[in-house]
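A.B. asks: If you scroll down you'll find the structure; I have some questions about it.
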Amino acid sequence: MLTLYRSGTGPWHRMPAGPKTLLLLLLVLGVSLLPASWPAAAIAAAVCLACYVVPGVGFRELGRQVWGLRWLVVVAFGIPCIFLGVEAATVGTVRIVVAVVLAGLLSLTTPVAALLDVVERALRPLRVIGVDATRVALLLVVALGTVPTLTRLAREVRVAQRARGARGIRVFVVPFVVLALRHADDLGDALSARGVR
Amino acid sequence: MTPSTPRLDTTDLARAAVFAGLIAVLGLPGSFSVFGGVPITAQTLGVMLAGAVLGPVVGAVSVGTLLALVAIGLPLLAGGRGGAGVFVGPTAGYLIGWLVGVVVVGLIVHLGGRRPVWWRTFAGVLLGGVVVVYACGIPLQSLIMRIGVEQALVANLAFLPGDLVKAVIATVVVGALVRGYPRAFRRTWARRIPPAREAASVR
Amino acid sequence: MTSALRLAGVSVRLADADILHEIDLALDARTVAVIGDNGSGKSTLARLIGGLVRPTRGHVEVFGLDAVKDAAALRRRVAIVFSNPDAQIIMPTVSEDVAFSLRADRLPRADRDARVVGALERFGLADLADRPAYELSGGQKQLLALCGAFIRQPDLVIADEPTAFLDGRNAHLVSGHLLADTGHRLLVVTHDLALAARCDVAVRMHEGRVVQVGEATGVVDAHAASWRC
Amino acid sequence: MTSALRLAGVSVRLADADILHEIDLALDARTVAVIGDNGSGKSTLARLIGGLVRPTRGHVEVFGLDAVKDAAALRRRVAIVFSNPDAQIIMPTVSEDVAFSLRADRLPRADRDARVVGALERFGLADLADRPAYELSGGQKQLLALCGAFIRQPDLVIADEPTAFLDGRNAHLVSGHLLADTGHRLLVVTHDLALAARCDVAVRMHEGRVVQVGEATGVVDAHAASWRC
Ligand SMILES: Nc1ncnc2c1ncn2[C@@H]1O[C@H](COP(=O)(O)OP(=O)(O)OP(=O)(O)O)[C@@H](O)[C@H]1O
Ligand SMILES: Nc1ncnc2c1ncn2[C@@H]1O[C@H](COP(=O)(O)OP(=O)(O)OP(=O)(O)O)[C@@H](O)[C@H]1O
Ligand SMILES: O=C(O)CCCC[C@@H]1SC[C@@H]2NC(=O)N[C@@H]21
Ligand SMILES: [Mg+2]
Ligand SMILES: [Mg+2]
């Protein structure tokens, strides 16, 4: 499964996943609460640059992330620009982009497996209200594993339909859902057979 | 993020996992187009179907699973987006709306554990899959972008035609499943009705 | 003179991988089997001939028609059956699904229904006409797929592992329909060597190339010898 | 004296349909094949013995343990392999998936890793240990499923059409592993009659009932005769 993770050895990569999640969460929260003013925008941008200047990520990566948000930038700037004016629009856009890009650092520098562990550990205290953390982690892993199979099944359906001259999303979705549910039945059996209760 | 009470058996677990994957696949690049800061995406169709087919509980687990995977950095949203960033971006509210909406869809479509009929299905996907999603999405979008709610509302009219079409498709798909694969719903009504009455006559 | 099926210097590249390399083939047998290991390119070859995959280089001709340029004309003469029965069903009930194959012909309703009933009878599905299509057994679904393919009276039937999901009885039934001489040619991809041996000619593939073409039983024996100890 | 496998008056109803009717069976052979038409209840029988389906009536005993009451104890002695290679792999990489089978044993990490490596070698998967499981071919995935089943050294392996999705070469490899006498019993559901004939005993099913039990080649011949013209 392709992920957003980029391997590296810098400080962000070495930082344990749990504390890193907390730290980034706090930073994002802080940026989100900043007032709509020029100094606030400057602070946000500075925090962001400081986080990305660290070895292992770098400005190239920052550029890539921001480029990925180009449509968001157009809309986040465009709409407020009409209603609120250029200053508010610019400041608001900077704030949103910084928040998204900062949060993006997490998946950029942490392997999915490590984040799965964080999820599992974070949920463990919820045992008292009946949440089984191991089971949730298993659910996430299993769901991830279904993506390549479902992609293949979707292709199978599309080819078979093209052969019969059928087109359209309704015609596609029905067999796709049936195949998906059949796959789920097989998967459920396999899980039980391997000792998952 | 993923409710696991009441306890789900392995079949429910597998169904939830597979539907999370299904919603992801409906957003794969190449399958359906994306534009604007908030994509027009077939993933909302997947959310409607998750509620309508799996019911409120398993449906919610399914959408919760997808969102959790996105949060830990898998690019499973339309256009290959993902990561914790989307939960602080302008579409965060819609994602929460999916989670609430799937429950509403499931509750209405499976009301009293009865067989889904088209008008109840349509009402369910419209209310849960469109109204609830907008009700969560628009205020949060206006909050995050710091624009007025009315302005966000206007900007969102662009999605309305597409979402109505998806609601119609979801209704037709559910109807086709009820007739073509009733076992899809076996955790609810199909369990209670006698199975496949033998072959009716040929017209 | 032109063969019913002719491939000239055909290569296929999909997603940056070379799937088929420089294939030259000219086939005139009524029934042709394609055999080979998993991943050797059999399905891609079948799809190519069925017009579902375009050649990256070279030409594919079926009944003298170019598979790319005359795709629409070919579509009316060629039917394709796949191994996964669920993926081929389009409409919710058995008779609706068969009728779907005729929708482009714009027949009067009565004619269409009569043809559907006839086809269902031929494939032993008449009693199941109004049943949910996705809940049939694997064998019944595959018969349904054949029914939807044969109702258009195709000149060529392409079948990609049509018996993979079936028990002995149903595999026997399905291969019987495919091999029967009812005015169509057959190209069948299969790993069921008994079925392959019942064809006139077999094509053996290996790593994207055709490595042997000839009388079916000989080719099948050579293939089986390649992995039996 | 108690048989390794004993079913007494077992019926199964699922979704209000009678799937198995009043089955009585006592089996002691090392390898048992279950054959029969699509929908005859073979998979349900296998799932019943594997503890995945509960009998509606009657008792299922495996190694003297009740399949319902002693389900947990049985789970440790019985492994199940299915036909769909994609649905059996749970963890993202090959070695993690094999290790998943051992998670309940709480072994020291070094021991666990050593056993995983040993099992991967036995099934020819050692070179693929760190590969993402979804990249494997169908045949490799099925070998991985076998590996995950055999690593727990089960006393009984249940296999439901384990070769259905495989080509000849891989089917041969997989059946070799299943039939090899490495200290386990085998119950294999199959429509591959050549595989069934290689077992000691065969059980033939028809419409939810066991219609014949006996020495495998005889049962297989009788079954084939029931549909061959
Ligand atoms: N759309 C595609 N994109 C990329 N690679 C593909 C595509 N379709 C097939 N392939 C690859 O091409 C090769 C040949 O595939 P093909 O399905 O034709 O083989 P096959 O002989 O039918 O195998 P099998 O017996 O497993 O069905 C395989 O390695 C496969 O992974
Ligand atoms: N969960 C279920 N709910 C309702 N009916 C079921 C269920 N599982 C199986 N059946 C029905 O029970 C019958 C026997 O099914 P089973 O899967 O055991 O047959 P089988 O012999 O394995 O067939 P095949 O060779 O096609 O795999 C079939 O008619 C099937 O439709
Ligand atoms: O991908 C995301 O980040 C979330 C997408 C949210 C899309 C919303 S849901 C309601 C409306 N209908 C659409 O087709 N798109 C938007
Ligand atoms: Mg193939
Ligand atoms: Mg079966």
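Protein chains in written order, with full-length UniProt numbering: chain A, 1 to 197; chain B, 1 to 203; chain C, 1 to 229; chain D, 1 to 229. Cβ coordinates follow ideal geometry from the N, Cα and C atoms, glycine included.
1) Could you name the residues of the same chain whose beta carbon sits closer than 7 Å to that of C:L178, not counting the 5 residues immediately before and after it, in chain order?
2) Give the residues from the segment 25-43 of chain A that approach chain B closer than 7 Å (Cβ to any Cβ), ordered along the chain.
3) Distance, Cα to Cα, B:L74 vs A:G30?
4) Does the segment 7-25 of chain B come close enough to the segment 169-189 of chain A that 3 or more CB-CB pairs lie under 8 Å?
5) Among B:T41, B:E150, B:A135 and B:R114, which one has its Cα closest to the Cα of A:L169?
6) Taking DSSP as the reference, what is the three-state secondary structure of B:W189?
7) So, is the C-beta of A:R155 closer than 8 Å to a C-beta in chain B?
8) Applying the 10 Å Cβ sphere with the 16-neighbour rule, what's the burial state of A:F83?
9) List the DSSP bridge partners of D:A133.
10) Can you list the residues of chain A that C:S101 reaches, using a CB-CB cut of under 7 Å?
11) I think C:G50 touches C:V78, with their Cβ atoms under 8 Å apart; what is that distance to the nearest whole Å?
12) For chain B, find out if any of its Cβ atoms is closer than 8 Å to the Cβ of C:P85; answer yes or no.
13) Between which two residues does the alpha helix (DSSP H) holding residue 300 of chain C run?
14) Assign D:K69 to buried or exposed, taking buried as 16 or more other Cβ atoms, counted over all protein chains shown, within 10 Å of its Cβ.
15) Where C:R169 and D:D37 are concerned, what is the direct C-alpha to C-alpha distance, given to the nearest angstrom?
16) So what does DSSP say about B:F32, is it helix, strand or coil?
17) Enumerate, from N- to C-terminal direction, the unbroken alpha helix (DSSP H) stretches of 4 or more residues contained entirely within the segment 23-88 of chain B.
18) Give me the subset of the segment 7-30 of chain B whose CB atoms are less than 7 Å from a CB atom of chain C, sorted by chain position.
19) Does any residue of chain D have a CB that is nearer than 8 Å to the CB of C:A164?
20) Write down the C-beta distance between C:L166 and C:G138 rounded to the nearest angstrom, noting that I regard them as a contact closer than 8 Å.
21) Below 7 Å CB to CB, which residues in the same chain sit around B:V173 once its five sequence neighbours on both sides are set aside?
22) Can you look up C:G68 in the DSSP assignment and give me helix, strand or coil?
23) Can you tell me the Cβ-Cβ gap for B:G46 and B:L22, rounded? I've got them flagged as a contact below 8 Å.
24) Roughly how many angstroms lie between the CA atoms of C:A194 and A:V157, to the nearest whole one?
25) Kindly indicate which three-state DSSP category C:H59 falls into: helix, strand or coil?
26) Below 8 Å, how does it come out for the segment 95-102 of chain D and the segment 114-126 of chain D: are there three or more Cβ pairs, yes or no?
27) Skipping 5 residues on each side, what residues in its chain have a beta carbon closer than 7 Å to that of B:R15?
28) Quick one: grab the DSSP three-state call for D:H206.
29) Against chain D, does C:L25 count as a neighbour if the rule is that its beta carbon must be under 8 Å from one of theirs?
30) Taking the alpha helix (DSSP H) that B:G106 belongs to, which residues open and close that run?
31) Is there a Cβ of chain A sitting closer than 8 Å to that of D:F104, yes or no?
32) Which value, in whole angstroms, describes the spacing of the CA atoms of A:T21 and B:P161?
33) Would you mind reading off the limits of the beta strand (DSSP E) that contains A:R14?
34) Okay, do the segment 91-108 of chain B and the segment 59-66 of chain B touch, 3+ Cβ pairs below 8 Å being the bar?
35) Would you mind sorting A:I129 into buried or exposed? The rule is 16 or more other CB atoms within 10 Å of its CB.
36) Which residues, in chain order, does the segment 169-189 of chain A contribute to contact with chain C at a C-beta distance below 8 Å?
C.D. replies: Let me lay it out:
1) One-based indexing of the third sequence puts residue 178 of chain C at position 178. Around C:L178: V157, A159, P162, L186 and V188.
2) V28, S32 and A36
3) Along the second sequence, one-based indexing puts residue 74 of chain B at 74. Along the first sequence, one-based indexing puts residue 30 of chain A at 30. Those two C-alpha atoms are separated by around 25 Å.
4) yes
5) The residue labelled residue 169 of chain A in the question sits at position 169 within the first sequence. At residue 169 of chain A the sequence reads Ile, which differs from the Leu that was named. The residue with the shortest Cα to Cα distance from A:I169 is B:T41.
6) Translated into the one-based positions of the second sequence, residue 189 of chain B becomes position 189. Summary for B:W189: the model assigns pLDDT 47, below 50, so the residue's position carries little reliability; its value from the coordinates is reported in the next sentence. Three-state DSSP puts B:W189 in a helix.
7) Looking up residue 155 of chain A in the first sequence gives position 155. No, A:R155 does not count as interfacial toward chain B.
8) Residue numbering aside, residue 83 of chain A sits at position 83 when the first sequence is read from its first letter. Its Cβ having fewer than 16 others within 10 Å, A:F83 is exposed.
9) One-based indexing of the fourth sequence puts residue 133 of chain D at position 133. Beta-bridge pairing links D:A133 to no other residue.
10) Here residue 101 of chain C refers to the residue found at position 101 when the third sequence is read from its first residue. Those are R164, listed as they occur along chain A.
11) In the third sequence, the residue the question calls residue 50 of chain C occupies position 50. In the third sequence, the residue the question calls residue 78 of chain C occupies position 78. Contact holds; Cβ gap of about 6 Å.
12) Locating residue 85 of chain C in the third sequence gives position 85, where the first residue counts as 1. By this cut-off, C:P85 is not an interface position.
13) There is no way to answer for residue 300 of chain C, as the model of chain C reaches only from 1 to 229.
14) If you number the fourth sequence from 1, residue 69 of chain D lands on position 69. D:K69 is exposed by the Cβ-count criterion.
15) Stepping through the third sequence from its first residue, residue 169 of chain C is reached at position 169. Stepping through the fourth sequence from its first residue, residue 37 of chain D is reached at position 37. Roughly 7 Å between the two C-alpha positions.
16) For the purposes of this step, residue 32 of chain B is taken as residue 32 along the second sequence, with counting starting at 1. Its pLDDT being 42, under 50, B:F32 is placed unreliably in this model, and the coordinates cannot settle the point.
17) 43-71
18) none
19) Your numbering for residue 164 of chain C matches position 164 in the third sequence. Chain D, which has a Cβ nearer than 8 Å to the Cβ of C:A164, makes this yes.
20) As a first step, residue 166 of chain C is located in the third sequence; it is residue number 166 there, counting from the start. As a first step, residue 138 of chain C is located in the third sequence; it is residue number 138 there, counting from the start. Confirmed, Cβ separation roughly 6 Å.
21) The sequence position of residue 173 of chain B within the second sequence is 173, counting from 1. These residues qualify, in order along the chain: L49.
22) If you number the third sequence from 1, residue 68 of chain C lands on position 68. According to the sequence displayed, residue 68 of chain C carries Val and not Gly. In the structure shown, C:V68 sits in coil (DSSP, three-state: anything other than H, G, I, E or B).
23) Looking up residue 46 of chain B in the second sequence gives position 46. Looking up residue 22 of chain B in the second sequence gives position 22. Correct: roughly 6 Å between the Cβ atoms.
24) For the purposes of this step, residue 194 of chain C is taken as the residue at position 194 of the third sequence. For the purposes of this step, residue 157 of chain A is taken as the residue at position 157 of the first sequence. Taking the straight line from one Cα to the other gives about 28 Å.
25) One-based indexing of the third sequence puts residue 59 of chain C at position 59. Correct three-state label for C:H59: strand.
26) yes
27) Your numbering for residue 15 of chain B matches position 15 in the second sequence. Counting only Cβ-Cβ distances below 7 Å, and skipping sequence neighbours, we find L54 and V58.
28) Taking the fourth sequence and counting its residues from 1, the one referred to as residue 206 of chain D is at position 206. If DSSP states are grouped into helix, strand and coil, D:H206 belongs with the strands.
29) Sequence index remark: in the third sequence, residue 25 of chain C carries index 25 (1-based). False, the Cβ-Cβ gap to chain D never drops below 8 Å.
30) Here residue 106 of chain B refers to the residue found at position 106 of the second sequence. It spans A92 to V109 - the alpha helix (DSSP H) in which B:G106 sits, taken as one unbroken run.
31) Locating residue 104 of chain D in the fourth sequence gives position 104, counting from the first residue. A small fix is needed here, since residue 104 of chain D is Ala in this sequence, not Phe. Closer than 8 Å: yes.
32) Residue mapping note: residue 21 of chain A aligns to position 21 of the first sequence, counting from 1. Residue mapping note: residue 161 of chain B aligns to position 161 of the second sequence, counting from 1. C-alpha separation (whole angstroms): 39 Å.
33) Translated into the one-based positions of the first sequence, residue 14 of chain A becomes position 14. Careful: A:R14 lies outside any beta strand (DSSP E), inside the alpha helix (DSSP H) at P11 to R14.
34) yes
35) In the first sequence, residue 129 of chain A corresponds to position 129, counting from 1. When all chains shown are included, A:I129 counts as exposed.
36) V171, V174, P175, V178, L179 and R182
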